[in-house]
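Enquirer: One structure coming up, written as structure tokens, with questions to follow.
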């Protein structure tokens, strides 16, 4: 099944709905072409590609719903999947939280994240890109392990209440770790892209190479509270945790960092530094995302944290109706307004501090305070009098992103980055944070 | 939008409501679970088509995996069913060596024509990869077994138990929790059946039927006045068993300060205890940070073993294949070659085992057709071996693979994954009560909690479910806000006592992650209650 255009998807989904006999029917389709190549020990280790497509049909009788999926699209298969969803709906228990499917919706522009050059990536292009990365590794007498993947995808949904949504997109990720031959130095870089022409594999690999060579013979500092400069990839794995925990229902139920005694929430209160503004915008040219949510709700430009104040939380349609609040879908990406300085300028303005390339193995310690633990990795350096003085051994931290964003000193220019934990992409600045809590030393390189 | 987002509502939120990430499968009527799938004779014909097509295109080795993966997932919260998902995934993955390089391709169109085309694609991928210079793959020799089969020894196939019975059990668990005074309860039953057929150019045709089950719950209690909340999750395990796991007998219960479970699980009893525990947790004093002797129950210790022993002995990490993602290992080859590297105290004996009954890792043959077995990893505290697959065996001087190859589905390429890795019980008779009697200042930890470890497996931090303070040989009461941090080698060298085999139990996980693109592996870890001296405990309470 190739990537369908809006018109092709519309025609196919209409045909499916025509088979429906249920009270309501909703049909969604997703299709993608994916390719990846993985390398380690300075050679390609595995690579592959697949074409994936799946259609899901949801049928509902009253508050009973059944969902069936299929990946064959001849008329008989389409009718069969509708019938099966209807049979499953009749067998299902009533769901008191079932919501009728949405009616027609107004969506913003679709396809803003589709770039033909990215869609045209073939196995040779991937091999060539990896060969360029490997070349830098070998020339610098380093050992590379990396991963490059790209996806071209479309999605569409239509229901018996008149809703139709469509989007198509391209995207990919590149990340590489270079290590010194003796295993005492390691450097990492990670990039996400919509337009492959904006990905410079050689430049990215060169940064990782410099960090690897520069991180040899690291010195040990005592654990404690330090001023840190988190590069965007390091900040991403903590900032995203705020989003994962901004569900309205958990806050209302009293089991979230946004809950307060007596059943109230902290929505509308200032929780972090007043220079912190985080929003999402599906049409941001640097990080385009889908104009609709998986349940058909339109995505909008929405501010989550405005000058340090929790402005919005996301919810399900059921919870929004129950609480009589605006229905707000969760976003597909997030953007934090940054400053005007480069990373180098942030370093220059630092008397004493630590530059952090990457944070790793992030796990929740306490959901009430959003306390997380994890470690620095692949390039950690001591800064003194505005200069990187020497590499330092890695630390374990125990810190809350809420405390961290309260201790904000300075921000650099926002750039696109990828969470090494979840794979989610964000536009984030490098951040200078005071009193970041390192609790123990790690011997890991 | 990525494939996984198709079943989630969006990338950044509502993760708690999302289904676990199955190898993608199609929702089906549960009655389809009773079908046997295609006949083994047909599978052999399809496999031969793939093997012959690969050889005809120049492959020097090929293997084919025809897989049917069934999943059932029933989730509830409080008084209602949240979701009942039944999925099925069927397809073929073909792996080849051509020009000395690996190639892989998969298809869910299981016809002779499409299987042959996939085999040809796998050869083309291998040939393309061989253009980026690399050392040729060296495969450890493997005899063909002919036509053989293996089946998880189960008493009750979970998929034949009506969904209604599972819903009734979970709703009765929730009811017991709510009656016990909790504010929220989630419960779930997850069942997996992997029907895997493997064939290779070595002459093996292996048919396997593998079953796994995971019943679990989580309760939350809120103190409305202070706004504080605490949770306690199930002390049951994911297991390589059938539905019989949920019928506990008296001999399966380990009594003590909390009842824990050996080979079978009493979910109703556990949730009643959880409701009491969570109330006590809210009232418990916050721990004073410092050095404590830790007494770690097997329901907790399995995860520490998983992260600090099982992962660093994975040979692919040691060699650097995971350097960009999961990481490397501090257990470098020189340490192993020395024959003297003291991983732990003399009491520490760790065994890798792919056969252990009831475990998640138990199979007859791995995903490259190697018959499974068991071997020592740590012997009397010394590092003696790793976990290897066919293309790694020669690196550690082995003539045969150790059978550690696994792929999470037919659509994913197989690679080195950990077997069950377990700490052996103490050789001398020792009960947990006697162990606690000798502790002056300690903490007794039951159940697994927060976990994090560095990319070479030196520095770790673990939480737990419930923590008891030990003062002068006696349990003094519950503590909260406890986590311990240690260096792996120092920690295992501080191991000063291990309870005997009467206390030995398994724990485990369905979702051990590794690789890019990521894959999940299910694995168990056994131990008896174990004492570690002078471990650094931190207090995790903060204010925001």
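Chains as they are written, first to last, in the numbering used here: chain W, 30 to 474; chain A, 151 to 694.
The beta-carbon is built from N, C-alpha and C at its ideal position, and this holds for glycine as well.
Source: prediction; values computed, not measured.
1) With distances taken from CA atoms, which of A:207, A:385 and A:524 is nearest residue 537 of chain A?
2) Taking beta-carbon pairs under 9 Å, can you tell me which members of the region 358-370 of chain A lie near chain W?
3) Taking the alpha-carbon positions, what's the residue 312 of chain W to residue 137 of chain W distance?
4) Which two residues bound the contiguous alpha helix (DSSP H) that contains residue 506 of chain A?
5) Where does residue 697 of chain A fall in DSSP's three states?
6) Put residue 370 of chain W into one of helix, strand or coil per three-state DSSP.
7) Along the chain, which unbroken stretches of the alpha helix (DSSP H) at least 4 residues long are found entirely within the region 89-160 of chain W?
8) Given a cut-off of 8 Å, decide if residue 284 of chain W and residue 370 of chain A are closer than it, judged by their beta-carbon atoms.
9) Measuring straight from C-alpha to C-alpha, what distance separates residue 272 of chain W and residue 305 of chain W?
10) For residue 273 of chain W, report the span of its alpha helix (DSSP H) as first-last.
11) Taking only runs that begin and end inside the region 42-80 of chain W, name each unbroken beta strand (DSSP E) of 3 or more residues, in chain order.
12) For chain A, find out if any of its Cβ atoms is closer than 8 Å to the Cβ of residue 45 of chain W; answer yes or no.
13) Can you tell me whether DSSP reads residue 641 of chain A as helix, strand or coil?
14) Since residue 345 of chain A sits in a beta bridge, which residues does DSSP pair it with?
15) Evaluate the contact criterion for the region 415-424 of chain W versus the region 334-350 of chain W: three or more CB pairs, one atom per stretch, below 8 Å.
16) Look up residue 695 of chain A in the DSSP assignment and give the residues it is bridged to.
17) So which residues of chain W does residue 374 of chain A contact, with C-beta pairs closer than 9 Å?
18) Is it true that the CB of residue 340 of chain A sits closer than 8 Å to the CB of residue 223 of chain A?
19) Out of A:288, A:501, A:244 and A:372, state which residue places its alpha-carbon closest to the alpha-carbon of residue 264 of chain A.
20) In three-state DSSP terms, what is residue 348 of chain W?
21) In terms of residue numbering, what span does the beta strand (DSSP E) encompassing residue 439 of chain W cover?
22) Work out the CA separation of residue 571 of chain A and residue 675 of chain A for me, nearest whole Å.
23) Count the CB pairs spanning the region 151-165 of chain W and the region 126-133 of chain W that are closer than 8 Å, and state whether there are at least three.
24) Taking only beta-carbon positions, decide if residue 230 of chain A is within less than 8 Å of chain W.
25) What residues from chain A crowd round residue 255 of chain W, counting only those whose CB sits closer than 7 Å?
26) Where do the ends of the beta strand (DSSP E) carrying residue 188 of chain W lie?
27) Can you give me the start and stop residues for the beta strand (DSSP E) that residue 247 of chain A sits inside?
28) So with CB distances below 7 Å, who are the chain A contacts of residue 403 of chain W?
29) Does the region 569-583 of chain A come within contact of the region 362-372 of chain W, defined as at least 3 CB pairs closer than 8 Å?
30) Kindly indicate which residue of A:448, A:432, A:301 and A:276 has the alpha-carbon position closest to the one of residue 648 of chain A.
31) Please list the partners that residue 469 of chain A has in chain W, where partner means a Cβ-to-Cβ separation under 9 Å.
32) Quick test of your reading: residue 9 of chain W and residue 344 of chain W, contact by CB under 8 Å. State the CB separation rounded to the nearest angstrom.
33) Rounded to whole angstroms, what is the Cα-Cα separation between residue 324 of chain W and residue 38 of chain W?
34) From the DSSP output, read off the bridge partner residues of residue 389 of chain W.
35) Which bits of chain W does residue 608 of chain A rub up against, with CB to CB less than 8 Å?
Expert: According to the structure data:
1) Along the second chain, one-based indexing puts residue 537 of chain A at 387. Here the closest residue by C-alpha is A:524.
2) 370
3) Taking the first residue of the first chain as 1, we reach residue 312 of chain W at position 283. Taking the first residue of the first chain as 1, we reach residue 137 of chain W at position 108. Going by the C-alpha atoms only, they are around 8 Å apart.
4) Here residue 506 of chain A is taken as the residue at index 356 of the second chain, counted from 1. No alpha helix (DSSP H) contains residue 506 of chain A, which DSSP labels as neither H nor E.
5) In the structure displayed, chain A extends from 151 to 694; residue 697 of chain A sits before or after that span and is not available.
6) Position 341 of the first chain, counted from the first residue, corresponds to residue 370 of chain W. Note: residue 370 of chain W maps to strand in three-state DSSP.
7) 104-120 and 145-148
8) Residue mapping note: residue 370 of chain A aligns to position 220 of the second chain, counting from 1. Residue mapping note: residue 284 of chain W aligns to position 255 of the first chain, counting from 1. Contact flag set, yes.
9) Position 243 of the first chain holds residue 272 of chain W. Position 276 of the first chain holds residue 305 of chain W. One C-alpha to the other measures close to 14 Å.
10) Walking along the first chain from the start, residue 273 of chain W turns up at place 244. Unbroken alpha helix (DSSP H) run through residue 273 of chain W: 261-273.
11) Here the runs fully enclosed are 53-69.
12) Position 16 of the first chain, counted from the start, is the residue given in the question as residue 45 of chain W. Taking 8 Å as the CB threshold, residue 45 of chain W stays off the interface with chain A.
13) Position 491 of the second chain, counted from the start, is the residue given in the question as residue 641 of chain A. Correct three-state label for residue 641 of chain A: helix.
14) Position 195 of the second chain, counting from 1, holds the residue named residue 345 of chain A. Paired residue(s): A:218 and A:359.
15) Output reads no: the region 334-350 of chain W does not touch the region 415-424 of chain W.
16) Residue 695 of chain A lies beyond the range of chain A shown here (151 to 694); nothing can be said about it.
17) In the second chain, the residue the question calls residue 374 of chain A occupies position 224. Within 9 Å Cβ-Cβ: 283, 290, 291 and 292.
18) Translated into the one-based positions of the second chain, residue 223 of chain A becomes position 73. Translated into the one-based positions of the second chain, residue 340 of chain A becomes position 190. In terms of Cβ geometry, residue 223 of chain A and residue 340 of chain A form a close pair [threshold 8 Å].
19) Translated into the one-based positions of the second chain, residue 264 of chain A becomes position 114. Cα-wise, what sits closest to residue 264 of chain A is A:244.
20) Counted from its first residue, the first chain places residue 348 of chain W at position 319. Note: residue 348 of chain W maps to helix in three-state DSSP.
21) Numbered from its first residue, the first chain carries residue 439 of chain W at position 410. Counting along the chain, the beta strand (DSSP E) containing residue 439 of chain W begins and ends at 437-440.
22) By 1-based counting over the second chain, the position of residue 675 of chain A is 525. By 1-based counting over the second chain, the position of residue 571 of chain A is 421. Distance between residue 675 of chain A and residue 571 of chain A, taken at the CA atoms: about 5 Å.
23) No, they do not touch.
24) As a first step, residue 230 of chain A is located in the second chain; it is residue number 80 there, counting from the start. At least one chain W Cβ lies under 8 Å of residue 230 of chain A.
25) Your numbering for residue 255 of chain W matches position 226 in the first chain. Going along chain A, no residue has its Cβ under 7 Å from residue 255 of chain W, so there is no contact; the nearest lies around 17 Å.
26) Locating residue 188 of chain W in the first chain gives position 159, counting from the first residue. Start and end: 171-188.
27) Counted from its first residue, the second chain places residue 247 of chain A at position 97. It spans 230-248 - the beta strand (DSSP E) in which residue 247 of chain A sits, taken as one unbroken run.
28) For the purposes of this step, residue 403 of chain W is identified with residue 374 of the first chain, where counting begins at 1. Those within 7 Å of residue 403 of chain W in chain A are 602.
29) no
30) Taking the first residue of the second chain as 1, we reach residue 648 of chain A at position 498. Of the listed residues, the one whose Cα sits closest to residue 648 of chain A is A:448.
31) Taking the second chain and counting its residues from 1, one reaches residue 469 of chain A at position 319. Simply 69 and 70.
32) Residue coverage of chain W in this structure runs from 30 to 474, which leaves residue 9 of chain W outside it and unanswerable.
33) Locating residue 324 of chain W in the first chain gives position 295, counting from the first residue. Locating residue 38 of chain W in the first chain gives position 9, counting from the first residue. So the two alpha carbons sit approximately 17 Å from each other.
34) Counted from its first residue, the first chain places residue 389 of chain W at position 360. Answer by DSSP bridge pairing, in chain order: W:404.
35) Start at 1 with the first residue of the second chain, and residue 608 of chain A comes out as number 458. Under the 8 Å cutoff, chain W gives 471, 472 and 473.
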